[in-house]
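Undergrad: Have a look at this one before I ask anything.
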Amino acid sequence: MPDIFVANEKKETVEKNIPHPEVKAGLTKGDTTNPLAAFTVHPHNLRFETQSADEEIILLLRQHFVTLVPSVFLFSLMALMPFWIPVIVGVFSLDLSVIPMGFLFVGVLVWYLLTFGLVLEKFLNWYFNVYIITTERVVDVDFISLLYKQVSEAQIAKIQDVTYTMGGLARAVFDFGDVMIQTAGETPNFDFMAVPHPDKVAKVISDLKLKDEQEGKI
Numbered sequence: 013m014p015d016i017f018v019a020n021e022k023k024e025t026v027e028k029n030i031p032h033p034e035v036k037a038g039l040t041k042g043d044t045t046n047p048l049a050a051f052t053v054h055p056h057n058l059r060f061e062t063q064s065a066d067e068e069i070i071l072l073l074r075q076h077f078v079t080l081v082p083s084v085f086l087f088s089l090m091a092l093m094p095f096w097i098p099v100i101v102g103v104f105s106l107d108l109s110v111i112p113m114g115f116l117f118v119g120v121l122v123w124y125l126l127t128f129g130l131v132l133e134k135f136l137n138w139y140f141n142v143y144i145i146t147t148e149r150v151v152d153v154d155f156i157s158l159l160y161k162q163v164s165e166a167q168i169a170k171i172q173d174v175t176y177t178m179g180g181l182a183r184a185v186f187d188f189g190d191v192m193i194q195t196a197g198e199t200p201n202f203d204f205m206a207v208p209h210p211d212k213v214a215k216v217i218s219d220l221k222l223k224d225e226q227e228g229k230i
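This is the structure:
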């Protein structure tokens, strides 16, 4: 009889010593206060609408900052475009004296308003399109517009396979790629596109599934 109790105590000790997935993946556990981070471990004071009381957010992901470089280059050209008007006028020998200065001012103002609108739209799409990994599920939030968003989620228990891809020089240098998650739920696939450290993301999800299996949740 005493041997049986000793065995039970050892079993409980093993289960309690199961390392957290983020620790196994080599991530630093701790609150991150940077609201613009693309890779956040245990985000500071963050909750989402359907999060349960005992559910813990492990990772908050956005697309890598490098994906914004083409847009930044384009918007910079658009911002400088009005300063090139004298050069364009000189090259093509155009006569702008027939256009009232008020019309030119309004035209430049409309151009900058358009540029600002495009910059704001791009930033909001990047900022609010997030991928969340919790102790219970994965969540994909797609921000379509100010009035519409689409939220897809899958329980860890329903995840069947996790793979990641990194192709190209830029992705190899800056360490970002795509994480593909196959599930048995209503949404069969989740694609985390261009996220930082895709190998660590995939490992966290795989370890969460393994942890649930060890604890008998699957």
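Just add 12 to the spot in the sequence shown (first one is 1) and you have the numbering used here.
Cβ atoms here follow ideal geometry from the backbone N, Cα and C, with glycine treated the same way.
Treat the numbers as computed from the prediction; the structure is a model and nothing was measured.
Starting from Arg59, follow the beta strand (DSSP E) in both directions and report where the run begins and ends.
TA: The residue you call residue 59 lines up with position 47 of the sequence shown. It is not in any beta strand (DSSP E) - Arg59 carries neither H nor E in the DSSP assignment.
Undergrad: Any contact between the region 126-133 and the region 79-93? By contact I mean 3 or more CB pairs, one from each, below 8 Å.
TA: Judged by Cβ distances under 8 Å, the region 126-133 makes contact with the region 79-93, as three or more pairs qualify.
Undergrad: Please determine if the region 207-217 and the region 172-185 are in contact, where contact requires at least 3 C-beta pairs separated by less than 8 Å.
TA: Short answer: they touch.
Undergrad: Once you ignore the five residues that flank Pro94 on each side, which residues in its own chain have a CB closer than 7 Å to its CB?
TA: As a position in the sequence shown, residue 94 is number 82, starting the count at 1. Val120, Trp123.
Undergrad: Does DSSP put Pro94 in a helix, a strand or coil?
TA: On the sequence shown, position 82 is the one that residue 94 refers to. Pro94 falls in the helix class under three-state DSSP.
Undergrad: Measuring from the CB of Met205, is there a heavy atom of the ligand COA at a distance below 7 Å?
TA: Among the components of this structure there are no ligands whatsoever, and the ligand COA is therefore not found.
Undergrad: Have a look at Val78 and Arg183 and give me their C-alpha separation to the nearest angstrom.
TA: On the sequence shown, position 66 is the one that residue 78 refers to. On the sequence shown, position 171 is the one that residue 183 refers to. Going by the C-alpha atoms only, they are around 9 Å apart.
Undergrad: Excluding five sequence neighbours on each side, which residues of the same chain lie with their C-beta closer than 7 Å to the C-beta of Trp96?
TA: The count along the sequence shown starts at 1 and reaches residue 96 at position 84. Counting only Cβ-Cβ distances below 7 Å, and skipping sequence neighbours, we find nothing.
Undergrad: Taking just the CA atoms, how far does Glu61 sit from Ser157?
TA: Walking along the sequence shown from the start, residue 157 turns up at place 145. Walking along the sequence shown from the start, residue 61 turns up at place 49. Taking the straight line from one Cα to the other gives about 18 Å.
Undergrad: Do Gln162 and Thr195 have their C-beta atoms within less than 8 Å of each other?
TA: Taking the first residue of the sequence shown as 1, we reach residue 162 at position 150. Taking the first residue of the sequence shown as 1, we reach residue 195 at position 183. Taking 8 Å as the Cβ cut-off, Gln162 and Thr195 do not qualify as a contacting pair.
Undergrad: What does DSSP give as the partner residues of Arg149 in its beta bridges?
TA: Here residue 149 refers to the residue found at position 137 of the sequence shown. Its beta-bridge partners are Gln167.
Undergrad: The alpha helix (DSSP H) spanning Val216 covers which residue range?
TA: Position 204 of the sequence shown, counted from the first residue, corresponds to residue 216. First-last of the alpha helix (DSSP H) with Val216: 210-226.
Undergrad: Rounded to the nearest angstrom, what separates Pro98 and Glu165 at their Cα positions?
TA: Within the sequence shown, residue 98 is the residue found at index 86, counting from 1. Within the sequence shown, residue 165 is the residue found at index 153, counting from 1. Each residue's Cα considered, the two are about 54 Å apart.
Undergrad: How big is the Cα-Cα spacing for Pro55 and Leu132?
TA: Here residue 55 corresponds to residue number 43 of the sequence shown, with the count starting at 1. Here residue 132 corresponds to residue number 120 of the sequence shown, with the count starting at 1. For Pro55 and Leu132, the distance between alpha carbons rounds to 24 Å.
Undergrad: Going along the chain, which residues of its own chain have a beta-carbon closer than 7 Å to the beta-carbon of Asn137, five neighbours each way excluded?
TA: Locating residue 137 in the sequence shown gives position 125, where the first residue counts as 1. Answer for Asn137: Phe155, listed in chain order.
Undergrad: Could you tell me which residues DSSP puts in a beta bridge with Gln194?
TA: On the sequence shown, position 182 is the one that residue 194 refers to. BP columns for Gln194 point to Asp173, Asn201.
Undergrad: So, helix, strand or coil for Lys161, using DSSP?
TA: Here residue 161 refers to the residue found at position 149 of the sequence shown. Note: Lys161 maps to strand in three-state DSSP.
Undergrad: Closest to Leu72 by C-alpha separation, out of Phe115, Pro47, Asp190, Pro112, would be which residue?
TA: Counted from its first residue, the sequence shown places residue 72 at position 60. Residue Pro47 is the option with its Cα nearest to Leu72.
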